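These protein sequence lines map, in sequence, to chains A and B. Be aware that the first sequence starts at 1, since it is given in the numbering used here, and climbs by one per residue. Be aware that the second sequence starts at 1001, since it is given in the numbering used here, and climbs by one per residue. Glycine residues also receive a C-beta, built at the ideal position from the N, C-alpha and C atoms. Model, not experiment: these values are computed from the prediction. Everything below concerns the one structure shown next.
Number of protein chains: 2
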Amino acid sequence: MRPGRDIPEATVARLPVYLRALLEVAEVKTSTISSDRLADLAGVNASKVRKDLSYLGSYGTRGVGYDVEYLLYHISRQLGLTQDWPIVIVGAGNLGRALFNHKGFAERGFRVVALFDVDPAKIGERLGGVEVLAMDELDATVRDAGVAIGVVTTPPQVAQEVADLLVGAGVSAILSFAPAVINVPEHVSLRKVDLSIELQILSFYQQRGTVGLVGSAGRARPGADDLGDLGGALAGLGG
Amino acid sequence: MRPGRDIPEATVARLPVYLRALLEVAEVKTSTISSDRLADLAGVNASKVRKDLSYLGSYGTRGVGYDVEYLLYHISRQLGLTQDWPIVIVGAGNLGRALFNHKGFAERGFRVVALFDVDPAKIGERLGGVEVLAMDELDATVRDAGVAIGVVTTPPQVAQEVADLLVGAGVSAILSFAPAVINVPEHVSLRKVDLSIELQILSFYQQRGTVGLVGSAGRARPGADDLGDLGGALAGLGG
DNA sequence: GCATGTGAATAGATTCACAGCG
DNA sequence: CGCTGTGAATCTATTCACATGC
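As structure tokens, this is what we get:
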């Protein structure tokens, strides 16, 4: 398939999962991987893997598999992870802090430039070298640092305003955790994660006998990535 | 449409959004709502709303619209929100705490029975009436409280073990925030939220000129819901 | 007359199955 | 011979458009 045009959304959402899986096997000095094995590590099936990868171009070798390094490079490139992305987090509450400390962000090149809040008690606080700033510094900070992505972890009542501020300051992508509908201009991309909706969906499948499967996007096996202290020091647990 | 059998997954994922929107309009003493208006509040289009609601049964009146209270009741029921769901959170790090404080959970009947961690410094700590317990208390706690849903906010390395513990203790649904593939038995439902994947998807659409839209599930407008202190005291912001 | 409810049409994603090639 | 790459078949979701009924 031509490496050129539009990769399906569903495929885009799985690329990060393949990436994670590949980073794991790369650590174990595996140079080649079959669609079967990758599928297994990514928790999907093999035809999906092959179809997905075919959208990036024909990077495999028949009878052999895919070159791990080569694939890693091409997926990273497609995802735009060969560059650094300065981001800002608006809302320095528990969730904002959790995201700030999230190792997965840093590992993929997402660098938190600043957090913002309206709470005077929080403003000025330093979190590992990064300061919590007042909202009126948002515009200049975003502009100066060339921030393209803003993360919203505010209460829903102010989410739209915050999004507007971010867009006004020049971000072109927003990740919102606020349980609210947000409208952004055409040229801005928006993704939303709603924590309580996830539980409600589980509740639905609980209530019936049925078993509803799989959330927003796929993922891979242990290793490679790290939630940091998000999960506490659970690392010592079990075998 | 018969109110009976399988509601499409995509529809299930939107019901919580409609619910939120309806709770908002209910506050303003609106007794009836059209698919057009509800669509607007939920950030989707009207035919989707009508099709979705038709799966629940024919609860609208032609020429008029839907009765808000009636719809609220039926959606809540479908989602299993007319009952309380005791849940546990494994991993008392930043994310675990953020979820614990998440008002949206409590508002929908999800009651956190306990948090678990391996970190001795955290064990015994009380968070608003709920104690952080050691992992070896998980099994008994889950059993005794009849916990059906477990939330995993641990590092990825231990996520599978934790899931196994939860399943062993009798939960039948898991919401995982760990960036790892998790396997659960047939009868257990699983949803996954991966924070860094969301950013990577945005990065993809950034990198190209394209604008990728909309995350895991839809959502509604300001009001009704509240992220609690997740976003800090941003509530005072702006106009 | 107006907004629901729904078949039919379309679009998108997944899976199948096998030809093609190293 | 094994595994990729991909058309074709299938399944799922969205959108259209209008008959239906209050």
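is_contact[residue i, chain B] using C-beta, thresh 9 Å
i: VAL49/A; result: no
i: ARG37/A; result: no
i: ASP139/A; result: no
i: ILE201/A; result: yes
i: HIS74/A; result: no
i: PRO86/A; result: no
i: ASP52/A; result: no
i: VAL147/A; result: no
i: GLY129/A; result: no
i: GLU198/A; result: yes
i: TYR55/A; result: no
i: LEU213/A; result: Residue confidence for LEU213/A is low, a pLDDT of 48 falling below 50, so the modelled location carries little weight; the figure read from the coordinates is stated next. Yes, contact with chain B.
i: LEU79/A; result: yes
i: LEU277/A; result: An answer regarding residue 277/A cannot be provided, because it is not within the stretch 1 to 239 covered by chain A.
i: LEU133/A; result: no
i: ARG111/A; result: no
Spatial distance of residue i from residue j (CA atoms)
i: THR141/A; j: VAL1193/B; result: 29 Å
i: ILE149/A; j: LEU127/A; result: 20 Å
i: ALA1010/B; j: TYR66/A; result: 33 Å
i: VAL162/A; j: LYS1122/B; result: 34 Å
i: ALA92/A; j: LEU175/A; result: 15 Å
i: LYS51/A; j: GLY129/A; result: 43 Å
i: LEU95/A; j: GLN1207/B; result: 27 Å
i: ARG1097/B; j: VAL151/A; result: 19 Å
i: PRO8/A; j: THR1061/B; result: 38 Å
i: VAL28/A; j: VAL1028/B; result: 59 Å
i: SER1047/B; j: SER47/A; result: 33 Å
Nearest residue (CA-CA) to residue i, options the options
i: SER1035/B; options: ALA1106/B, VAL1088/B, PHE1110/B, VAL1049/B; result: VAL1049/B
i: VAL90/A; options: PHE105/A, ARG111/A, VAL118/A; result: VAL118/A
i: ILE87/A; options: ASP136/A, PRO179/A, LEU195/A, VAL171/A; result: VAL171/A
i: VAL1112/B; options: HIS1102/B, ALA1121/B, PRO1120/B; result: HIS1102/B
i: LEU1202/B; options: SER196/A, GLN206/A, ARG191/A; result: ARG191/A
i: LEU1038/B; options: PRO1185/B, VAL1017/B, LEU1133/B; result: VAL1017/B
i: ASN1183/B; options: LEU1199/B, PHE1204/B, VAL1158/B, GLU1198/B; result: VAL1158/B
i: GLY1146/B; options: THR1154/B, GLY1129/B, VAL1167/B, GLU1131/B; result: VAL1167/B
i: ILE1197/B; options: ARG143/A, PHE105/A, MET135/A; result: PHE105/A
i: PHE1116/B; options: LEU1095/B, LEU1138/B, LEU1015/B, ALA1098/B; result: LEU1138/B
i: ASP1006/B; options: LEU1041/B, LEU1165/B, GLU1131/B, GLN1078/B; result: GLN1078/B
i: GLY209/A; options: GLU1131/B, GLU1186/B, LEU1072/B, LYS1051/B; result: GLU1186/B
i: ALA169/A; options: GLN160/A, VAL151/A, ARG143/A; result: ARG143/A
i: ASN45/A; options: ARG62/A, VAL28/A, ARG14/A; result: ARG14/A
Same chain, Cβ closer than 8 Å to residue i, neighbours up to 5 away in sequence not counted
i: TYR70/A; result: TYR59
i: HIS74/A; result: LEU56, GLY57, TYR59
i: LEU199/A; result: none
i: LEU1072/B; result: LEU1019, LEU1022, LEU1023, ALA1026
Same chain, Cβ closer than 7 Å to residue i, neighbours up to 5 away in sequence not counted
i: ASP1084/B; result: GLY1109, ARG1111
i: VAL68/A; result: LEU22, VAL25, ALA26, THR30, SER31, THR32, ILE33
i: LEU1081/B; result: ARG1108, GLY1109
i: VAL64/A; result: THR32
i: ALA173/A; result: ALA148, ILE149, VAL188, SER189
Beta carbon proximity, residue i to chain A, threshold 9 Å
i: ILE1174/B; result: yes
i: VAL1017/B; result: yes
i: LEU1195/B; result: yes
i: GLY1060/B; result: no
i: GLY1043/B; result: yes
i: LEU1166/B; result: no
i: TYR1069/B; result: Tyr is not the amino acid found at residue 1069/B; the sequence shown has Glu there. It does not: the Cβ of GLU1069/B has no partner Cβ on chain A nearer than 9 Å.
i: LEU1237/B; result: Note that LEU1237/B scores 32 on pLDDT, short of 50, meaning its location in the model is unreliable; the coordinates nonetheless yield the value given after this. Cβ-Cβ to chain A under 9 Å: yes for LEU1237/B.
i: GLU1027/B; result: no
i: SER1216/B; result: The predicted position of SER1216/B is uncertain, since its pLDDT is 34 and thus under 50; no value can be drawn from it.
i: SER1031/B; result: no
i: SER1034/B; result: no
i: ALA1224/B; result: The predicted model places ALA1224/B with a pLDDT of 28, which falls under 50 and marks its position as unreliable, so this point remains unresolved.
i: ALA1013/B; result: yes
i: ALA1098/B; result: yes
Spatial neighbours of residue i in its chain, beta-carbon cut-off 6 Å, leaving aside the 5 residues before and after
i: PRO1156/B; result: ALA1178, PRO1179, ALA1180
i: MET135/A; result: PHE116, VAL118
i: LEU165/A; result: LEU138
i: LEU1133/B; result: ALA1114, PHE1116
i: GLN160/A; result: ILE182
Rounded distance between the beta-carbons of residue j and residue i, thought under 8 Å
i: THR153/A; j: LEU99/A; result: 7 Å
i: ALA1114/B; j: GLU1131/B; result: 6 Å
i: SER1076/B; j: LEU1019/B; result: 7 Å
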